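Following: one structure in structure tokens, then a few remarks.
Protein chains: 2
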Amino acid sequence: MKIRRSERLVGMTHYLENQPYRLIPLPIFAKKYHAAKSSISEDITILKHAFLANNIGYIETLPGAGGGVIFTPGINQETATHYLTELQQKLSDPQRILPGGYLYSSDIIGDATLLRKIGLLIATRYAGQKADAIMTVATKGIPIAQSVAYYLNIPYVIVRRESKVTEGPTLSVNYESGSSSRVEKMELSKRSLPQGAKVIAVDDFMKGGGTVSGMRNLVQEFAGELVGISVLVDSSTQQSNKDTNVTTLLNVQHLDAKVPALTVGLGNYLQVTDFSHFNG
Amino acid sequence: MKIRRSERLVGMTHYLENQPYRLIPLPIFAKKYHAAKSSISEDITILKHAFLANNIGYIETLPGAGGGVIFTPGINQETATHYLTELQQKLSDPQRILPGGYLYSSDIIGDATLLRKIGLLIATRYAGQKADAIMTVATKGIPIAQSVAYYLNIPYVIVRRESKVTEGPTLSVNYESGSSSRVEKMELSKRSLPQGAKVIAVDDFMKGGGTVSGMRNLVQEFAGELVGISVLVDSSTQQSNKDTNVTTLLNVQHLDAKVPALTVGLGNYLQVTDFSHFNG
């Protein structure tokens, strides 16, 4: 009997973590484990407590005939601070400076463990905001978009600077590239985003803010609503980029390619994120 | 006391699932949960059974002073067949046919739940083969690479058709694009892959096989070892592409853009994959 409950708890933990933001009717578990409804209800009480205690997220119960449980992944402020500090330390190496004042970050966005942390941070930022899709610009925004999409359990769409034949019809906008001041074009497959979608835009790097404003225009073209924008590293110097709906995890405070010297600080993430659901 | 074990089991399930392929010394859990070593050993026995029963993967115990447990994610043959059939059905819609005989698949590789399944399938294929990195070609291979990397807990590297200034020095090879018979160039940042790495190459689509052979050459240039190649959809007609180290999840058997008609079958995945560890 004890073994059966243990097996259920492990299986339900796995199931819920793989189905975030989905309403799971409790009869699914009762059937899956040949268990009484009352046993499953007890399991859920244990899981709720254990999920918060282990900093996994929170489980909400919707009562009634159409009810069930919904798992929302998220971390508390202490863990968020810990993750941000780890990213800050990784990114602070002056050897990352590339010609033109860019930073080498392919190792960070190619690291599965770090990507989980980035995704969980951004998913915590937008927890419960019921977005329909994540949007990003190819290429380096993709891993971040995918990780956030994983935790929010919504699709993500990839905006391209040039479209491919395998995309079908596209919608495009022009934007001013902040780093080069050129007018460029970005486009998105018409099939990939429904009209009126609530969209979260993410990217790895924000320099002039042109890519971000391009994504904002594209969301408008799809008659969508922009829930917010999150970037891993903000290196913009213009104050005009700071007063928008942009969440920044990290912030380049000083960069000198000659020395080389690099100072990376925390962005506005901790100020703009509500952790109240995840504090246990 | 019962609550404490439950909380540990949930937390350890979460911990192990987020740290696949890492040796976790048991004192980590004893310290984290203020529990006796004997209790943690009992927990592990329960978890081993529950992980297999719930089709999560297997937990191996390494005894001795430097020992601990290692979690290997993977699914059994029944679940793999179920996942492949679901993907096959999704991809069989003739409306997916785009000009040039390509298939629209952005919705599939933008769907977090389907990507988990694709990643878990490919990770099961290479379970225990100790690869060092996943390699893919931008753009649509990236989501698949990331999902596989997530389960194998190794980094992934992105080969580009044109390199960007933010990549640093690159190594490049030429390859013949099978679809257009043109000679093209692909390149990879020198920083992104250590010499001698064991590499798994993945891609979304294989048509002429040119991209795949380009990745093979690139692995050679890095003095690496190619563990294997996995593609989501194989639409190559030449037999010469079939006898290599390529695992295919799905196979385009018939495509007629005029009608339109499309038949997608299962690839060689089930024939080449060893499920023995995951059968419980």
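Residue numbers (UniProt numbering), protein chains in the order written: chain Y, 1 to 280; chain G, 1 to 280.
Each residue gets a CB set at the ideal place from its N, CA and C atoms; glycine is no exception.
Here the structure is a predicted model, which is why all the values come from computation and not from measurement.
Report the three-state DSSP secondary structure of A131(G) (helix, strand or coil).
coil
Determine, using beta carbons only, whether R160(Y) and T247(Y) come nearer to each other than 7 angstroms.
no
Y150(Y) to V183(G) span [Cα, whole Å]
37 angstroms
Buried or exposed for Q89(Y), please, with buried defined as at least 16 other CB atoms from any protein chain shown within 10 angstroms of its CB.
exposed
Check the Cβ-Cβ distances between T263(G) and every residue of chain Y, and say whether any is below 7 angstroms.
no
Could you check where the alpha helix (DSSP H) with V272(G) kicks off and where it finishes?
269-272
Tell me the DSSP secondary structure of G101(Y) in three-state form.
coil
Identify the residues that DSSP records as bridge partners of R161(Y): which are they?
DSSP lists no partner for R161(Y).
Name the chain G residues whose beta carbon is nearer than 8 angstroms to that of R125(Y)?
Within 8 angstroms Cβ-Cβ: nothing; R125(Y) doesn't reach chain G, min ~17 angstroms.
Drop a sphere of 10 angstroms on the beta-carbon of D274(Y), count the other beta-carbons inside from all chains shown, and report buried for 16 or more, exposed for fewer.
exposed
Buried versus exposed, by CB contacts within 10 Å (16 or more), R216(G)
buried
For chain Y, is any of its Cβ atoms less than 7 angstroms away from the one on P63(G)?
no
Report all residues from its chain with a CB closer than 8 angstroms to the CB of R4(Y); omit the five preceding and five following residues, and keep chain order.
Y33, A35
Uninterrupted alpha helix (DSSP H) stretches inside the stretch 30-100 of chain Y (no shorter than 4 residues)
37-53, 77-91
Does the separation of the CB atoms of I134(G) and V148(G) fall below 7 angstroms?
yes
Can you check which of these residues, S276(G), L120(G), A201(G), G265(G), is closest to S235(G) by C-alpha distance?
G265(G)
Measuring only the C-alpha atoms, how far is residue 285(Y) from L9(Y)?
With chain Y covering 1 to 280 only, the question about residue 285(Y) has no answer from this structure.
G267(Y) beta carbon less than 7 angstroms from that of N251(Y)
yes
In terms of DSSP beta bridges, what is S174(Y) paired with?
One point to set straight first is that residue 174(Y) is Asn, not Ser, in the sequence displayed. N174(Y) pairs with K185(Y).
Among Q95(G), T136(G), E176(G), Q220(G), which has the Cα closest to the Cα of K258(G)?
Q95(G)
T113(Y) by DSSP, collapsed to three states: which one?
helix
Taking 6 angstroms as the limit between beta carbons, can you name the residues of its chain near L23(Y), skipping five residues before and five after?
G68, I70
Could you tell me whether the Cβ atoms of T170(Y) and S192(Y) are closer together than 7 angstroms?
no
Is the shortest distance between the beta-carbon of G11(G) and the beta-carbons of chain Y less than 7 angstroms?
yes
Step through the CB atoms of chain Y and report whether any lies within less than 7 angstroms of the CB of H14(G).
yes
Kindly identify the DSSP beta-bridge partner or partners of N217(Y).
None; N217(Y) has no bridge partner.
D111(G): buried (16+ other C-beta within 10 angstroms of its C-beta) or exposed?
buried
If you measure from the beta carbon of P27(Y) to each beta carbon in chain G, is any gap under 7 angstroms?
no
Straight-line gap, E60(Y) to V233(Y) (C-alpha atoms, nearest Å)
33 angstroms
When G209(Y), D43(Y), E17(Y), Y104(Y) are compared against P27(Y), the one with the closest alpha-carbon
D43(Y)
I'd like the span of the beta strand (DSSP E) that includes S230(Y), first residue to last.
225-234
I need the straight-line Cα distance from K185(G) to T139(G), nearest angstrom please.
15 angstroms
If we cut at 7 angstroms on Cβ distances, does N251(Y) have a partner in chain G?
no
Listed by chain order, chain Y residues near T79(G) by CB distance under 8 angstroms:
Going along chain Y, no residue has its Cβ under 8 angstroms from T79(G), so there is no contact; the nearest lies around 13 angstroms.
For the ligand PLP, any of its heavy atoms closer than 6 angstroms to the Cβ of L103(G)?
Absence of the ligand PLP from the depicted structure is noted, as is the absence of any ligand whatsoever, leaving it without description.
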